[in-house]
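**Student:** Take this structure first; my questions come after.
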Amino acid sequence: MLITLSGVEDIRFDVSDTQKEGATEGSNAHFSVIDEKMRHKVSNAFIDGMKFCRQVVAEAPLRYLTTGCEAADVMLFRDAVQMKEYVRVLCPSRRKLTEGQRAHARGVLLWVKEMVSRQDYMEEYVRRHAMWLGFASGGCEQVLPADGGLRVACMRNLFIGDCTAVTDAMWRAGGCDTLRAGSVATAVAVGKAAAAELLSI
């Protein structure tokens, strides 16, 4: 099966239809296989998408509603002391912060903003967090059932879970709702649909 990720030139995902050695019964036996050059292209596409989304949310009025970037993964920070300080800033105590503590918190947040803009951080972030889409080597196959995959009602071919569970026919049957790496339009459409579903409960 070949799945084309729109926006990445020549990207294809060859999916094995043989059971992976050591796979447990009930786990997804399919896995994606891409070479290092193609892996680099996919990574760059996601990084470009992350940068573009950051630019979008940096403009008013969105900048008043967001932190300016995706959620930081503290496990990717190499400075353990600063990592702990950032966690403390995210989980403040109930008592009111002093002026000195607020100034310290601002400094920590500026450090985090600098860290998440580094190329090595973004590459590692994509390597870890793009796995749920089935890139790299089917990172979710051990935690999803064989028929795993959920989807928002409006997104007929955008699956939450391991994309190796999606057949080529299912993907192509989705019409114009194609997945683009870091797509703002897709994120907005999914966000609206999710909000509508929450409001209807």
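Using my numbering, the letters of the sequence shown correspond one by one to residues 35 to 235. Heads up, the beta-carbon is just placed ideally off N, CA and C, and yes, glycines get one too. Just so you know, these numbers come straight off a predicted model, no measurement behind them.
(1) Under 8 Å by Cβ, that's how I've got V142 and V123 pegged, so tell me the actual separation to the nearest angstrom.
(2) Going by other Cβ atoms of all chains shown within 10 Å of its Cβ, with 16 needed for buried, is G134 buried or exposed?
(3) The alpha helix (DSSP H) with K118 in it runs from where to where?
(4) Give me the Cα-Cα distance between A4 and R140, rounded to the nearest whole angstrom.
(5) Would DSSP call K71 helix, strand or coil?
(6) Please report the distance separating the alpha-carbon of T100 from that of V146.
(7) Just to confirm, is the Cβ distance from E158 to L110 under 7 Å?
(8) Assuming contact is defined by CB atoms lying nearer than 7 Å, are V150 and A106 in contact in what I supplied?
(9) For the putative contact between M156 and M72, defined by C-beta atoms under 8 Å, what is the C-beta separation to the nearest angstrom?
(10) Suppose the cutoff is 7 Å on Cβ atoms and the five residues either side in sequence are ignored; what does the same chain contact list for E119 look like?
(11) So the candidates are S234, E148, R161; which of them puts its Cα closest to the Cα of D113?
(12) Just to confirm, are A77 and V160 a CB contact at a threshold of 7 Å?
(13) Rounded to the nearest angstrom, what separates Y98 and Q89 at their Cα positions?
(14) Ignore the nearest five residues each way along the sequence and tell me which others in V108's own chain have a CB closer than 7 Å to its CB.
(15) DSSP state of A106, grouped into three classes?
(16) Start and end of the alpha helix (DSSP H) containing R140?
(17) Given the structure, does V142 come close to the ligand PLP, in the sense that its CB is under 6 Å from one of the ligand's heavy atoms?
**Tutor:** Short version:
(1) Here residue 142 refers to the residue found at position 108 of the sequence shown. Here residue 123 refers to the residue found at position 89 of the sequence shown. 5 Å between Cβ atoms; contact.
(2) Counting from one through the sequence shown, the residue named residue 134 turns up at place 100. It counts as exposed.
(3) Against the sequence shown, residue 118 aligns to sequence position 84. Here the alpha helix (DSSP H) through K118 covers 114-124.
(4) Here the chain covers residues 35 to 235 and nothing more, so residue 4 does not appear.
(5) Your numbering for residue 71 matches position 37 in the sequence shown. Residue state, collapsed to three classes: helix.
(6) As a working note, residue 100 is residue 66 in the sequence shown. As a working note, residue 146 is residue 112 in the sequence shown. Straight-line Cα distance between these residues: approximately 15 Å.
(7) By one-based count along the sequence shown, residue 158 stands at place 124. By one-based count along the sequence shown, residue 110 stands at place 76. Yes, the Cβ-Cβ distance between E158 and L110 is below 7 Å.
(8) Mapped onto the sequence shown, residue 150 falls at position 116. Mapped onto the sequence shown, residue 106 falls at position 72. Closer than 7 Å, so yes.
(9) Residue mapping note: residue 156 aligns to position 122 of the sequence shown, counting from 1. Residue mapping note: residue 72 aligns to position 38 of the sequence shown, counting from 1. With 8 Å as the limit, M156 and M72 do not qualify as a contact, their Cβ atoms being about 18 Å apart.
(10) Stepping through the sequence shown from its first residue, residue 119 is reached at position 85. If we look at E119 and ignore the five residues flanking it on each side, its Cβ neighbours are V142.
(11) As a first step, residue 113 must be located in the sequence shown, where it is residue number 79. Closest by alpha carbon: E148.
(12) Against the sequence shown, residue 77 aligns to sequence position 43. Against the sequence shown, residue 160 aligns to sequence position 126. Looking at the sequence provided, one finds Ser at residue 77 rather than Ala. Result yes, Cβ atoms of S77 and V160 sit closer than 7 Å.
(13) As a first step, residue 98 must be located in the sequence shown, where it is residue number 64. As a first step, residue 89 must be located in the sequence shown, where it is residue number 55. Going from the Cα of Y98 to the Cα of Q89 covers about 13 Å.
(14) Start at 1 with the first residue of the sequence shown, and residue 108 comes out as number 74. Only M117, Y120, V121 meet the Cβ criterion.
(15) The residue you call residue 106 lines up with position 72 of the sequence shown. Of the three classes helix, strand and coil, the one that applies to A106 here is coil, per DSSP.
(16) Against the sequence shown, residue 140 aligns to sequence position 106. Looking at the DSSP string, the run of the alpha helix (DSSP H) that includes R140 is 133-150.
(17) Here there are no bound small molecules, and the ligand PLP is not part of this structure.
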